[in-house]
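Asker:
4 protein chains.
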Amino acid sequence: MSHVKEAMNEIASFISKATELIDSSETSKMVDMLIEIYHTRKKVLVIGAGRSGLVGKAFAMRLMHLGFNVYVLGETITPRIDKGDLVIAISGSGRTKLTVTAASVAKDVGAKVIALTSHPKSPLGLIADLVVKIPGRTKLAKEDDYTTRQIIGMHEPLTPLGTLFENTCMAFLDGIVVELMKRLGLTEEELKERHANIE
Amino acid sequence: MSHVKEAMNEIASFISKATELIDSSETSKMVDMLIEIYHTRKKVLVIGAGRSGLVGKAFAMRLMHLGFNVYVLGETITPRIDKGDLVIAISGSGRTKLTVTAASVAKDVGAKVIALTSHPKSPLGLIADLVVKIPGRTKLAKEDDYTTRQIIGMHEPLTPLGTLFENTCMAFLDGIVVELMKRLGLTEEELKERHANIE
Amino acid sequence: MSHVKEAMNEIASFISKATELIDSSETSKMVDMLIEIYHTRKKVLVIGAGRSGLVGKAFAMRLMHLGFNVYVLGETITPRIDKGDLVIAISGSGRTKLTVTAASVAKDVGAKVIALTSHPKSPLGLIADLVVKIPGRTKLAKEDDYTTRQIIGMHEPLTPLGTLFENTCMAFLDGIVVELMKRLGLTEEELKERHANIE
Amino acid sequence: MSHVKEAMNEIASFISKATELIDSSETSKMVDMLIEIYHTRKKVLVIGAGRSGLVGKAFAMRLMHLGFNVYVLGETITPRIDKGDLVIAISGSGRTKLTVTAASVAKDVGAKVIALTSHPKSPLGLIADLVVKIPGRTKLAKEDDYTTRQIIGMHEPLTPLGTLFENTCMAFLDGIVVELMKRLGLTEEELKERHANIE
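Chains as they are written, first to last, in our numbering: chain A, 1355 to 1553; chain B, 1355 to 1553; chain C, 1355 to 1553; chain D, 1355 to 1553.
Dropping the structure here:
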């Protein structure tokens, strides 16, 4: 069963190296934008397709626990987005068509867009007000291979497709949650109080 | 912004330590059960609530890419489950009521249940045919604190609630995907061919 | 293609007859409970499985358009439910296990439960603070056949399983929306302003 | 509570009149395309946003009960769509951006598209291989008012926004289900056997 362990170690090691590769000023700007939204009670909308969308939902759930006014694109009670609201769009390749289309509509209505992507020059990256570059081999496997191999040590990654991007993105967003807890003075107990109790 | 990095390192380090703590014979049995299901073309149903449910969906998506006949509880086209089908239930605490209820119905109809939980003696653990114990501080934060602190070095974890369980579970299941690729002789290219192209 | 027309007419006729069969005092109590929740800003949680769950989501979306603080069980940002919150549970048979379990947890935490079901004496009906009996042949087809045949004129319904219940329930809940608009003095324009604009 | 009854009667009456307004040759073509897909075991993908999306999911669930190989856009296990697959796109206005974008990608990969819309000349209508025109006041309320008033008798409809379209669409698709049962020789018992049993 050593492939399971090896793959987990590849992921762990990639997340750890990513902490050095993610630009701390991008992270800092993202946190500031979230703090501002928190205080103005404006809406946050999280968008993403496939596994990136699932990572986005995991983040949205924590934002709800933190007391944000947060929604997920495509869910039942997602309301109108307006000027001053914040959209967080996740796409490793930055080319996922429905994500780019949704982000583009968000810009049209005056919302700010933060893109989490490995490709700042992608259509999503170019639309965004802020790009946080998250390393990771994405679905565009071939283009990304060289960078990924440099990070993991000049060999083919074991984990397929966007796995490294998705796990790194989840850990990064969970890091943002910790930072928001500290900055907003929120305790784990307060998060727990908002956690769903019918499940 | 150092909390973001610290939290990411806590997650990375926890995943890495988890590779030593997860029982390789449990992992091995889980892979064998999945391989058997793959060859018999029986159904896999993934169940879980909250962030554990999202991690389960990320795994279900990869099982689809691998060619499994896989479904997620609560989605539109999820069919009847029968004798011989396989249910994978994820709950850190093993006490999430709707997950336990669903797993219990699954047992009643003759499906096999694999539980991914930190608590093998929990209601979910006791129902399951196979428990894979995944370390992690779960929602039952207080009970889990001692073990977690032992793993991360006798201090309070930075990340709240089930974060360590959820990230570790995601990395573990992505490790299972790599193992299944090797055992079934599937290439990344074959996974990519099944990947959604309208998104 | 006459079966399509016949089935549509069966549905239309059933909805029309249902207006006479649904107890107006039950409807009235349901509207009063919703009006009270609207003014107290408490939460509404909608629960249901399968097609009943989809009908519930369609209602939840309109409640959001009306300005309610509404959530759907199983979606990402659904928070804790507390004493004084209102749960609307939909199940034709009143026996859908996960719906009954969720409604039962809701009662435990002190929420009020409204059940929409064809079976007031079912487990769901017995838990509920208010039952609104919606006629309709449900999944328990055999038990329901006699009543349904009486309504549609002593022949077998064309539409399978819970179709008549689900369509009637959707029309009934859309009727509740109209009543809420009148009682709360809300215009279609106000609903439209809250309607999602990224879709 | 008379508004509830009046609204239900408006919906029932609209569905009934719609049976005369829906072009039976369009319905017939839609059924033929579905029958062909059923026999070739190709995929059906259902797409739609908001309440139209929910109506689409209710139809997709029944297609699964009928034994179709059916998926819903945005759900976890939705795979690649290919040449020869069939996309059913629902949008009253025919202008819902993400639905139009998705339908357009579907055309690019060689799938056939059936559009259910009140606006055959809309962007969605123009993309589609087959348009089934479903009457109904949609979100484009003003444009649709004249037609709707003609149908319901020269007064303002009680029900807001797309309610009449959505209920009519649901009844129409349930009519298609009945037609498919007859044409494919499937009994209610066979549908019930495929119905989810963990719920």
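Glycine residues also receive a C-beta, built at the ideal position from the N, C-alpha and C atoms.
None of the values given here were measured: they were computed from a predicted structure.
Looking only at C-alpha atoms, which of A1403(B), A1412(B), V1400(B) sits nearest to M1524(A)?
Answerer: A1412(B)
Asker: If we count Cβ pairs, one from each stretch, closer than 8 Å, do we get three or more for the segment 1360 to 1368 of chain C versus the segment 1468 to 1481 of chain D?
Answerer: no
Asker: With distances taken Cα to Cα, identify the nearest neighbour of S1458(B) among Q1504(B), A1443(B), S1447(B), L1470(B).
Answerer: Checked all of Q1504(B), A1443(B), S1447(B), L1470(B); the closest Cα to S1458(B) is A1443(B).
Asker: Using 9 Å as the limit for Cβ to Cβ distance, is G1428(D) near chain A?
Answerer: yes
Asker: Rounded to whole angstroms, what is the Cα-Cα separation between I1506(C) and I1552(B)?
Answerer: 43 Å
Asker: May I ask you to report which of helix, strand or coil DSSP gives T1453(B)?
Answerer: helix
Asker: For chain D, find out if any of its Cβ atoms is closer than 9 Å to the Cβ of A1460(B); answer yes or no.
Answerer: yes
Asker: Can a CB atom of chain C be found closer than 9 Å to the CB of Y1392(A)?
Answerer: no
Asker: With a cut-off of 8 Å, do at least 3 Cβ pairs link the segment 1433 to 1448 of chain D to the segment 1392 to 1399 of chain D?
Answerer: Contact holds: three or more Cβ-Cβ distances are below 8 Å.
Asker: Where does D1528(B) land, buried or exposed, given buried means 16+ other C-beta within 10 angstroms?
Answerer: buried
Asker: When the Cα of V1532(B) is compared with those of H1549(A), L1512(A), E1542(A), R1548(A), which residue comes out closest?
Answerer: L1512(A)
Asker: Assuming V1454(B) contacts L1470(B) under a Cβ cut-off of 8 Å, what Cβ separation, rounded to an integer in Å, is found between them?
Answerer: About 13 Å; that fails the 8 Å criterion.
Asker: Going along the chain, which residues of its own chain have a beta-carbon closer than 7 Å to the beta-carbon of K1461(B), five neighbours each way excluded?
Answerer: V1467, I1481
Asker: Using a Cβ-Cβ distance under 9 Å, would M1535(B) count as near chain D?
Answerer: no
Asker: In whole angstroms, what separates the C-alpha of I1530(A) from that of D1377(D)?
Answerer: 55 Å
Asker: Would you please verify whether the beta carbon of L1399(A) is less than 9 Å from any beta carbon of chain C?
Answerer: At a cut-off of 9 Å between beta-carbon atoms, L1399(A) makes contact with chain C.
Asker: Which residue from M1535(D), G1421(D), L1534(D), E1520(D) puts its Cα closest to that of G1404(D)?
Answerer: Of the candidates M1535(D), G1421(D), L1534(D), E1520(D), the one whose C-alpha sits nearest the C-alpha of G1404(D) is E1520(D).
Asker: How about T1450(A) and E1429(C): do their beta carbons lie closer than 9 Å?
Answerer: no
Asker: Are the CB atoms of A1372(B) and P1489(B) nearer to each other than 9 Å?
Answerer: yes
Asker: Are L1538(C) and G1421(C) touching if we call contact CB-CB under 9 Å?
Answerer: Going by C-beta atoms, L1538(C) is nearer than 9 Å to G1421(C).
Asker: Please confirm whether A1366(A) has its beta-carbon closer than 9 Å to some beta-carbon of chain D.
Answerer: no
Asker: Give the residues of chain G in contact with K1411(D), contact being defined as C-beta atoms less than 7 Å apart.
Answerer: Annotation note: the requested chain G is absent from the structure, which comprises protein chains A, B, C and D.
Asker: State yes or no: is the beta carbon of L1484(D) nearer than 9 Å to at least one beta carbon in chain A?
Answerer: no
Asker: Between the beta-carbon of P1433(A) and the beta-carbon of H1393(C), is there less than 9 Å?
Answerer: The answer is no: Cβ separation not under 9 Å.
Asker: Compute the beta-carbon to beta-carbon distance between S1472(B) and G1446(B), rounded to the nearest angstrom, for a pair I have assumed lies under 8 Å.
Answerer: 5 Å
Asker: Take G1516(D) as the anchor and find which of L1540(D), F1526(D), R1491(D) has the nearest alpha-carbon.
Answerer: R1491(D)
Asker: Where does K1466(C) fall in DSSP's three states?
Answerer: Correct three-state label for K1466(C): strand.
Asker: At the 9 Å Cβ level, is L1527(C) part of the contact set with chain B, yes or no?
Answerer: no
Asker: For E1543(C), would you say it is in contact with chain A, using Cβ-to-Cβ distances shorter than 9 Å as the test?
Answerer: no
Asker: Helix, strand or coil for I1530(C)? Go by DSSP, reduced to three states.
Answerer: helix
Asker: Using 8 Å for Cβ pairs, my map puts I1435(A) next to A1465(A). What's the rounded Cβ distance?
Answerer: Their Cβ separation, rounded to whole angstroms, is 5 Å, which keeps I1435(A) and A1465(A) in contact under 8 Å.
Asker: Based on the DSSP output, what are the partners of Y1392(D) in its beta bridges?
Answerer: According to DSSP, which records beta bridges pairwise, Y1392(D) is partnered with nothing at all.
Asker: Just list the residues that DSSP pairs N1423(A) with in beta bridges.
Answerer: K1397(A)
Asker: Assuming T1541(D) and V1358(C) make a contact with CB atoms under 8 Å, what is their CB distance in whole Å?
Answerer: Between V1358(C) and T1541(D) the Cβ distance is about 19 Å, and since that is not below 8 Å, they are no contact.
Asker: To the nearest angstrom, how far is it from the Cα of L1545(D) to the Cα of M1418(C)?
Answerer: 34 Å
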